[in-house]
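Enquirer: What follows is a single structure, and I will ask about it in a moment.
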Amino acid sequence: MPELPEVETVRRGLEPVLVGRRIARVDLARDGLRFPFPKSFAARLEGTTVTGLSRRAKYLIASLSSGESWLIHLGMTGRFTIVAPDGRPQGLGEFYYETAADAAARGPHDHVVIDLDGGWRLIYADPRRFGIMDLIVSGNEGRHVLLDHLGIEPLGNAMNAENLAMAFAGKKAPLKAALSDQKIIAGLGNIYVCEALFRAGLSPLKPASSLVTKAGAPRVGLERLVQAIRAVLTEALAAGGSTLRDYAGADGVAGQFQQRFDVYDREGSPCKRAGCGGTVRRHVQAGRSTFYCPRCQR
DNA sequence: ATAGAGACCTGTGTGC
DNA sequence: TGCACACAGGTCTCTA
Numbered sequence: 001m002p003e004l005p006e007v008e009t010v011r012r013g014l015e016p017v018l019v020g021r022r023i024a025r026v027d028l029a030r031d032g033l034r035f036p037f038p039k040s041f042a043a044r045l046e047g048t049t050v051t052g053l054s055r056r057a058k059y060l061i062a063s064l065s066s067g068e069s070w071l072i073h074l075g076m077t078g079r080f081t082i083v084a085p086d087g088r089p090q091g092l093g094e095f096y097y098e099t100a101a102d103a104a105a106r107g108p109h110d111h112v113v114i115d116l117d118g119g120w121r122l123i124y125a126d127p128r129r130f131g132i133m134d135l136i137v138s139g140n141e142g143r144h145v146l147l148d149h150l151g152i153e154p155l156g157n158a159m160n161a162e163n164l165a166m167a168f169a170g171k172k173a174p175l176k177a178a179l180s181d182q183k184i185i186a187g188l189g190n191i192y193v194c195e196a197l198f199r200a201g202l203s204p205l206k207p208a209s210s211l212v213t214k215a216g217a218p219r220v221g222l223e224r225l226v227q228a229i230r231a232v233l234t235e236a237l238a239a240g241g242s243t244l245r246d247y248a249g250a251d252g253v254a255g256q257f258q259q260r261f262d263v264y265d266r267e268g269s270p271c272k273r274a275g276c277g278g279t280v281r282r283h284v285q286a287g288r289s290t291f292y293c294p295r296c297q298r
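If you're matching positions, the first sequence starts at 1 in this note's numbering and goes up one per residue.
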């Protein structure tokens, strides 16, 4: 589900509730999600205080006073809901929180329930169970087998044409695949890859190497692509992400960016580029739908 | 080395 | 209404 803008939206929603609070109790409804939970998972969370909540690519990382870190990936359908002590959260501005009464009935996909000091509760639900939760042991700060091979953070300083040129040089894989590859750029998914390629006017079928000169320098198209990725992620973030089906921020508010898709899920609709007149097409690449306008994406 | 398919799960929408 | 099938925001593992 969630790509970078959605995960970051969830992080921002969870941060004011989670950070600085002690985890009082953890209730696990099953042994794991995509992978089994680590040994003594609940016991190692209980009694610790969350000291920070950061994001790397599509992963959330909560630092704990125990020295360990709690690693979370939302998979396709992972979702956090915050339950306020009395349904009237204080000092959290526009955020909406589900009330205790609303959340009284535990859903069939509520796999992890975390009670925080002060009566706050976090519920992690995940129908497809592609999500991941693990612990990073003390001293291994930020290091985990799932994090070690992640590539460039797309909103960070390393996201530039020179670095992408290095990664794309000699790559025969189509742009769609190269941008979806978390080892190259970490955080894009099916939606934002399609949207960024549209904005850059690049065909998803083009080999990644075609954006790099023989000498290894970025071509103009690659410069455009870098700007397009940055722009689409920034705008999506400002809109609170995209809600297709079940995604919502931790505050329960649905994202709004899906209303601004240029190509994603718009098969058969007219291209939105002024003067193009083309029709958005769906094309299956590596088992995933790619949406693009064959007329203006070359 | 690397591109593609299959796998992991459940829910939803579509067409017959 | 029921049923079969395609498809969904991800990514690891296996195969050519």
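We treat Cβ as the ideally placed atom computed from N, Cα and C, and that holds for glycine.
Once DSSP output is grouped into helix, strand and coil, what is the label at glutamine 285?
Expert: Here glutamine 285 sits in strand by DSSP.
Enquirer: Measuring CB to CB, does isoleucine 184 end up less than 8 Å from glycine 216?
Expert: Cβ distance not < 8 Å, so isoleucine 184 and glycine 216 don't count as in contact.
Enquirer: Roughly how many angstroms separate the alpha carbons of alanine 286 and alanine 177, rounded to a whole number?
Expert: Rounded to whole angstroms, alanine 286 to alanine 177 spans 8 Å at the Cα level.
Enquirer: With the cut-off set at 8 Å, would you say valine 50 and leucine 64 are in Cβ contact?
Expert: It is a contact, given that the beta carbons lie within the stated cut-off.
Enquirer: Does the beta-carbon distance from leucine 135 to phenylalanine 41 come in below 8 Å?
Expert: Cβ atoms of leucine 135 and phenylalanine 41: closer than 8 Å.
Enquirer: Buried or exposed: where does valine 145 fall if 16 or more other Cβ atoms within 10 Å of its Cβ makes it buried?
Expert: Per the 10 Å Cβ criterion, exposed.
Enquirer: Quick one: what's got a C-beta closer than 6 Å to leucine 205's C-beta in the same chain, skipping five residues either side?
Expert: Within the same chain, leucine 205 has close Cβ partners Pro174.
Enquirer: Check each candidate in Ala158, Phe198, Glu153 and Ala24 and name the one with the smallest Cα separation from arginine 273.
Expert: Residue Phe198 is the option with its Cα nearest to arginine 273.
Enquirer: Comparing alpha-carbon positions, which option in Met166, Leu233 and Asp251 lies nearest serine 209?
Expert: Comparing Cα-Cα distances from serine 209 to each of Met166, Leu233 and Asp251, the minimum goes to Met166.
Enquirer: I need the straight-line Cα distance from glycine 170 to threonine 213, nearest angstrom please.
Expert: Their Cα atoms are separated by approximately 10 Å.
Enquirer: By Cβ distance, which residues of its chain are closer than 8 Å to arginine 21, with the 5 residues on each side in sequence left out?
Expert: Only Thr49, Val50, Leu116, Asp117, Gly118 and Trp120 meet the Cβ criterion.
Enquirer: Based on the DSSP output, what are the partners of tyrosine 59 in its beta bridges?
Expert: Per DSSP, Arg56 and His73.
Enquirer: Is it right to say arginine 106 is buried, meaning 16 or more other beta carbons lie within 10 angstroms of its own, or is it exposed?
Expert: Answer is exposed; the Cβ neighbour count stays below 16.
Enquirer: Look at glutamate 46 and arginine 12 and say whether their C-beta atoms are less than 8 Å apart.
Expert: The answer is no: Cβ separation not under 8 Å.
Enquirer: Out of curiosity, what's the CA-to-CA distance linking phenylalanine 257 and glutamate 235?
Expert: So the two alpha carbons sit approximately 8 Å from each other.
Enquirer: Excluding the 5 residues preceding and the 5 following cysteine 296 in the sequence, name in chain order all residues of the same chain whose CB lies nearer than 7 Å to its CB.
Expert: So the qualifying residues of the chain are Gly201, Cys271, Arg273, Cys276 and Gly278.
Enquirer: Can you tell me whether DSSP reads threonine 213 as helix, strand or coil?
Expert: Coil at threonine 213, not helix or strand.
Enquirer: Quick one: is alanine 228 buried, meaning 16 or more other Cβ sit within 10 Å of its Cβ, or exposed?
Expert: Alanine 228 should be labelled buried.
Enquirer: Is the CB-CB distance between alanine 161 and valine 226 below 8 Å?
Expert: Yes, Cβ-Cβ distance for alanine 161 and valine 226 is below 8 Å.
Enquirer: Please name the residue, chosen from His111, Gly189 and Asn140, that lies closest to proline 154 on a Cα-to-Cα basis.
Expert: It is Gly189 whose Cα lies nearest to the Cα of proline 154.
Enquirer: For isoleucine 61 and cysteine 293, I'd like the C-alpha separation in whole angstroms.
Expert: Each residue's Cα considered, the two are about 37 Å apart.
Enquirer: Which of the three DSSP states is assigned to tyrosine 124 in this structure?
Expert: In the structure shown, tyrosine 124 sits in a strand (DSSP, three-state: E or B).
Enquirer: Taking 8 Å as the cut-off, decide whether the C-beta atoms of glutamate 68 and serine 138 are in contact.
Expert: The answer is yes: Cβ separation under 8 Å.
Enquirer: Applying the criterion that 16 or more other CB atoms from any shown protein chain within 10 Å of the CB defines a buried residue, is proline 108 buried or exposed?
Expert: It is exposed - the Cβ of proline 108 has fewer than 16 other Cβ atoms within 10 Å.
Enquirer: Would you tell me roughly how many angstroms separate the C-alpha atoms of glycine 32 and arginine 128, rounded to the nearest one?
Expert: Computed Cα separation, rounded: 12 Å.
Enquirer: Cα-Cα, which of Pro2, Val193, Pro85 and Pro38 is closest to valine 17?
Expert: Comparing Cα positions, the closest option is Pro85.
Enquirer: Quick check on the burial criterion: 16 or more other C-beta atoms within 10 angstroms. Buried or exposed for alanine 158?
Expert: Under this definition alanine 158 is an exposed residue.
Enquirer: Who pairs with aspartate 115 in a beta bridge, going by DSSP?
Expert: Aspartate 115 is bridged to Arg25 and Arg121.
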